[in-house]
Amino acid sequence: MNRYGTEDGRGRRGTTALLALTLAGGLLLTGCGGGDDTADAAKDTATDSRGGSAPVPAPDRPRGRGEHGYDGGEDEKNGDSREIAPDPDHLSTFALDVDTASYGYARRTLAEGRLPDPATVRPEEFVNSFRQDYDRPDGDGFSVTVDGARTEDEDWSLVRVGLATRPAERQAERPPAALTFVIDISGSMGEPGRLDLAQEALGTMTDRLRDDDSVALVTFSDEAETVLPMTRLGDHRDRVHDAIDALEPTDSTNLGAGVETGYETAVEGRREGVTNRVVLVSDALANTGDTDADTILERVATERREHGITLFGVGVGSDYGDALMERLADKGDGHTTYVSTPEDAREVFSEQLPRHIELTARDAKAQVAFDPQTVAEFRLVGYDDRQVADEDFRDDRVDGGEVGPGHTVTALYAVRTRPGADGHLATATVRWLDPDSRTPHEESEDVESDALDDSVWESGRGLRVTATAAYFADALRSSGGDGGSLPGAPGLSELSERADGLADRTEDEDLRELAEAIEEADRLA
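In the numbering used here, the protein residues as written are 22 to 546.
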């Protein structure tokens with residue numbers, strides 16, 4: 022059962038589930054209910070320092086370790102978010118993320134006969150690279166879906182939290198866009214599959230954008246230059262094509278200057294009532310000027326915050342500054358993807374970007390409350406760089422994620438249930454701000470322990486795809502590319518067979534590519 026976004030900005034409350042959690046675990050999980058339809062009218066509010074009423078914030082995160090506490094180990098010492106949450110802390114809070122660059126870059130690396138660096142493997146980006154069939158809300162906001170299945174490890178399950186926005190508008194129905202493209206023309210971009218790929222895709226995109234869309238073009242190498250100010254397409258497509266065709270690689274990579282000039286150009290050409298966005302195309306191998314994401318974006322903080330201009334990062338190249346591009350997108354209230362083939366580039370620039378230009382949610386965060394009566398321990402798979410303090414879930418000054426129409430966001434948890442436990446398992450809540458009015462909204466969904474399928478590999482297609490992608494990422498992060506730390510993790514050989522069978526049954530080209538990537542990783546490992 023799914024619940025769709027509400028208009029009141031405070032969300033719905035399931036008082037029955039809330040009371041059970043409070044009595045059982047001593048936790049006041051305010052605002053994380055939603056399982057009792059008779060209590061839909063109940064709303065918990067409190068007056069805050071900004072005036073008016075706001076949802077009661079989540080409780081302070083407990084600092085102690087209970088009887089089921091986790092003593093850290095290597096993962097905690099290295100700052101890895103995969104640690105098991107200490108009892109009685111049964112909250113998990115993170116900013117939404119629709120990045121997919123990590124998976125695309127891993128596929129490129131494997132195709133070149135190399136295992137990816139484990140530091141570049143982000144499981145949530147593997148999981149979110151695949152389409153999901155979650156129900157969609159009718160308006161802006163999110164639907165919430167929670168399901169799961171048992172693994173082969175005793176008492177361990179995989180629990181999936183799925184969030185979906187409304188379908189993307191047709192080209193003719195979406196708002197106009199003002200796009201500032203910041204193109205890396207440094208010497209490293211001269212290699213095949215970098216600048217040439219971007220030029221081809223940008224040219225195709227220019228033909229597909231609408232007459233009332235606008236485009237600006239900024240280039241950077243050792244310096245940055247605005248080669249095309251914000252230009253309404255209309256009868257000026259040839260002018261845009263000429264600017265794209267004239268791009269040539271030269272000199273070093275001053276990415277900081279490129280981003281700064283790009284935002285300046287975007288502000289100068291900003292249009293009211295349209296979607297204003299900076300699109301950065303680069304291998305992110307910064308070697309001149311500022312090379313730190315925080316420093317780069319601090320210089321354009323006013324443009325980002327006051328004008329709401331988001332950053333979309335498109336990575337290219339076999340040598341790719343993955344960490345820098347990810348940080349830029351996170352700090353720039355945007356997301357990243359990675360392209361390595363003409364087909365990838367056309368999909369991103371000609372299909373995804375025009376379709377997802379609009380924003381439907383700003384500063385979106387999710388919080389999952391696990392019932393301490395049924396759940397002994399859990400861990401979130403991935404989202405290492407997107408963690409949010411539990412008490413900041415309803416603090417709208419704390420940055421979340423920006424999400425557009427047509428997106429799905431999936432979070433996967435490894436959950437150990439208490440032996441013989443039955444009843445309420447968890448409540449997932451998503452909070453977001455309206456992109457125009459900044460009004461907060463929430464939506465929640467519950468899941469019961471009896472809703473868990475008997476086996477991950479006999480569950481529905483969506484959960485099997487999610488599990489396969491997560492197990493693959495987990496194996497690549499583990500020593501030697503095999504084994505994995507998730508419960509029920511199969512070896513790469515078995516995982517390859519399961520992925521191959523899934524691709525055969527669904528005849529899905531994306532799943533076929535996943536199966537081929539797993540097979541190649543198995544060979545290399």
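C-beta: ideal position from N, C-alpha, C; glycine also.
The model shown is predicted, which means the values in this text are computed figures rather than measured ones.
* To do: Kindly indicate which residue of A449, D457, S476, A472 has the alpha-carbon position closest to the one of E463.
  => Position 442 of the sequence shown, counting from 1, holds the residue named residue 463. Among A449, D457, S476, A472, the Cα nearest to that of E463 belongs to A449.
* State the CB to CB distance for the pair G336 and D304, rounded to an integer number of angstroms; the pair is presumed to be in contact (CB under 8 Å). => Counting from one through the sequence shown, the residue named residue 336 turns up at place 315. Counting from one through the sequence shown, the residue named residue 304 turns up at place 283. Correct: roughly 7 Å between the Cβ atoms.
* Would you mind working out which of D443, G481, E285, S465 sits nearest V451, comparing C-alpha positions? => In the sequence shown, residue 451 corresponds to position 430, counting from 1. The candidate whose alpha carbon is nearest that of V451 is S465.
* Considering only residues of the stretch 135-172, which uninterrupted beta strand (DSSP E) runs meet the minimum length of 3 residues and lie entirely inside it, listed in chain order? -> 164-171
* Taking buried to mean at least 16 other C-beta atoms within 10 Å of its own C-beta, is S514 buried or exposed? -> Locating residue 514 in the sequence shown gives position 493, where the first residue counts as 1. It is exposed - the Cβ of S514 has fewer than 16 other Cβ atoms within 10 Å.
* **Spatial distance of H257 from Q220 (CA atoms)** => For the purposes of this step, residue 257 is identified with residue 236 of the sequence shown, where counting begins at 1. For the purposes of this step, residue 220 is identified with residue 199 of the sequence shown, where counting begins at 1. Between H257 and Q220, the C-alpha separation is close to 17 Å.
* Residues of its chain near L535, where Cβ-Cβ distance is below 6 Å and the 5 sequence neighbours each way are ignored -> Taking the sequence shown and counting its residues from 1, one reaches residue 535 at position 514. For L535, where only same-chain residues beyond five positions count, the Cβ hits under 6 Å are A520.
* Who does L301 pair with in a DSSP beta bridge? -> Here residue 301 corresponds to residue number 280 of the sequence shown, with the count starting at 1. Paired residue(s): V203, G334.
* Beta carbon of D243, beta carbon of N275: below 7 Å? -> The residue labelled residue 243 in the question sits at position 222 within the sequence shown. The residue labelled residue 275 in the question sits at position 254 within the sequence shown. In contact: D243 and N275 (Cβ atoms closer than 7 Å).
* Give every residue of the same chain whose Cβ lies closer than 7 Å to the Cβ of D351, excluding the five residues on either side of it in the sequence, and list them in chain order. => One-based indexing of the sequence shown puts residue 351 at position 330. Only D406 meet the Cβ criterion.
* Asked: Hey, would you say V167 sits closer than 7 Å to V468, going by beta carbons?
  -> Locating residue 167 in the sequence shown gives position 146, counting from the first residue. Locating residue 468 in the sequence shown gives position 447, counting from the first residue. In contact: V167 and V468 (Cβ atoms closer than 7 Å).
* To do: Using beta-carbon positions only, say whether T395 and R439 come within less than 7 Å of one another.
  => Translated into the one-based positions of the sequence shown, residue 395 becomes position 374. Translated into the one-based positions of the sequence shown, residue 439 becomes position 418. Their beta carbons are under 7 Å apart, which means T395 touches R439 by this criterion.
* Asked: Which of the three DSSP states, helix, strand or coil, is assigned to V396?
  -> Here residue 396 is taken as the residue at index 375 of the sequence shown, counted from 1. Strand, per DSSP.
* With a cut-off of 8 Å on the beta carbons, I'd call D384 and W453 a contact; round off their distance for me. => Position 363 of the sequence shown, counted from the first residue, corresponds to residue 384. Position 432 of the sequence shown, counted from the first residue, corresponds to residue 453. Contact flag correct, Cβ pair sits at about 7 Å.
* For the beta strand (DSSP E) containing M346, list its first residue and its last residue. => Along the sequence shown, read from residue 1 onward, the residue named residue 346 stands at position 325. Premise fails: M346 lies in the alpha helix (DSSP H), 343-352, not in any beta strand (DSSP E).
* Is the stretch 181-190 touching the stretch 264-271 in the sense that three or more CB pairs, one from each, lie closer than 8 Å? -> no
* Buried or exposed by the 16-neighbour rule on C-beta atoms within 10 Å, applied to A542 -> On the sequence shown, residue 542 is found 521 positions in, with the first residue counted as 1. So A542 counts as buried.
* Asked: Leaving out the 5 sequence neighbours to the left and right, which residues in its chain are closer than 8 Å to F12 when beta-carbon positions are compared?
  -> No information on residue 12 is available, as it lies outside the stretch 22 to 546 that the chain covers here.
* Which whole-angstrom value is the C-beta distance of S235 and G283, which I expect to be below 8 Å? -> Counting from one through the sequence shown, the residue named residue 235 turns up at place 214. Counting from one through the sequence shown, the residue named residue 283 turns up at place 262. Not a contact, Cβ separation roughly 14 Å.
* Asked: Between the stretch 131-144 and the stretch 412-432, do at least 3 Cβ pairs fall closer than 8 Å?
  -> no
* State buried or exposed for R544, treating a residue as buried only when at least 16 other CB atoms are found within 10 Å of its CB. => Here the question's residue 544 lines up with position 523 in the sequence shown. Exposed is the call here.
* Asked: Quick one: what does DSSP say E133 is sitting in, helix, strand or coil?
  -> The sequence position of residue 133 within the sequence shown is 112, counting from 1. Note: E133 maps to coil in three-state DSSP.
* Asked: With DSSP run on the structure shown, which of helix, strand or coil describes S517?
  -> In the sequence shown, the residue the question calls residue 517 occupies position 496. In this structure, S517 counts as helix in the three-state DSSP scheme.
* **Cutoff 6 Å; reference G422; Cβ partners in own chain excluding five residues on either side** => Here residue 422 refers to the residue found at position 401 when the sequence shown is read from its first residue. Answer for G422: A116, L117, D118, A385, listed in chain order.
* Can the beta-carbon of P144 be found closer than 7 Å to that of A494? -> Counting from 1 along the sequence shown, the entry for residue 144 is found at position 123. Counting from 1 along the sequence shown, the entry for residue 494 is found at position 473. Yes, the pair counts as a contact, with Cβ atoms nearer than the cut-off.
* Pairwise C-alpha distance: H356 and I330 -> Residue numbering aside, residue 330 sits at position 309 when the sequence shown is read from its first letter. Residue numbering aside, residue 356 sits at position 335 when the sequence shown is read from its first letter. The straight-line gap from Cα to Cα measures roughly 13 Å.
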